[in-house]
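Here the structure comes first, spelled out in structure tokens, and everything after it is commentary.
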Amino acid sequence: MDRFDKAQELEQMQRDLAIQNRTTSTRASAFFCEDCGEEIPEIRRLTILGVFRCVTCQTIFEKKQRVYRR
Numbered sequence: 013m014d015r016f017d018k019a020q021e022l023e024q025m026q027r028d029l030a031i032q033n034r035t036t037s038t039r040a041s042a043f044f045c046e047d048c049g050e051e052i053p054e055i056r057r058l059t060i061l062g063v064f065r066c067v068t069c070q071t072i073f074e075k076k077q078r079v080y081r082r
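So the sequence shown is numbered by the working numbering: it starts at 13 and just counts up by one.
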């Protein structure tokens with residue numbers, strides 16, 4: 013993973029945080045993704061309170077939501 017990949021990952025996390033801040037959850041963050049079972053990185057759990065999906069699964073979920081809203 014090069015520095016551009018790292019920058020893109022950070023940008024995605026910041027975007028996720030901004031989205032999450034619009035609807036703050038009182039639910040505790042999960043340690044494992046409820047969709048795929050992979051471990052959710054600590055930085056994501058601490059940054060986004062109430063997170064329960066990894067970045068990949070959250071991206072897939074959001075894309076599906078956009079399709080269903082049409």
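Heads up, the beta-carbon is just placed ideally off N, CA and C, and yes, glycines get one too. No experiment lies behind these values; they were computed from the predicted model shown.
Nearest-angstrom beta carbon gap, residue j and residue i [assumed within contact, 8 Å]
| i | j | result |
| --- | --- | --- |
| Gln32 | Ile55 | Contact flag wrong, Cβ pair sits at about 14 Å. |
| Asp28 | Gln77 | With 8 Å as the limit, Asp28 and Gln77 do not qualify as a contact, their Cβ atoms being about 14 Å apart. |
Per-residue burial, residue i [other beta carbons within 10 Å of its own, 16 or more giving buried]
| i | result |
| --- | --- |
| Cys66 | buried |
| Cys14 | Position check: residue 14 holds Asp in this sequence, whereas Cys was assumed. Result: exposed. |
8 Å Cβ cutoff met for residue i and residue j
| i | j | result |
| --- | --- | --- |
| Val63 | Ile72 | no |
| Phe43 | Glu50 | no |
Residue range of the unbroken alpha helix (DSSP H) whose run includes residue i
| i | result |
| --- | --- |
| Arg56 | Glu54 to Thr59 |
Per-residue DSSP class, three states only, for residue i
| i | result |
| --- | --- |
| Glu51 | strand |
| Ala64 | Just to set this straight, residue 64 is Phe in the shown sequence, not Ala. Here Phe64 sits in coil by DSSP. |
| Phe73 | helix |
Cutoff 8 Å: residue i Cβ touching any chain D Cβ
| i | result |
| --- | --- |
| Ile55 | Here chain D cannot be found, since the structure has a single protein chain. |
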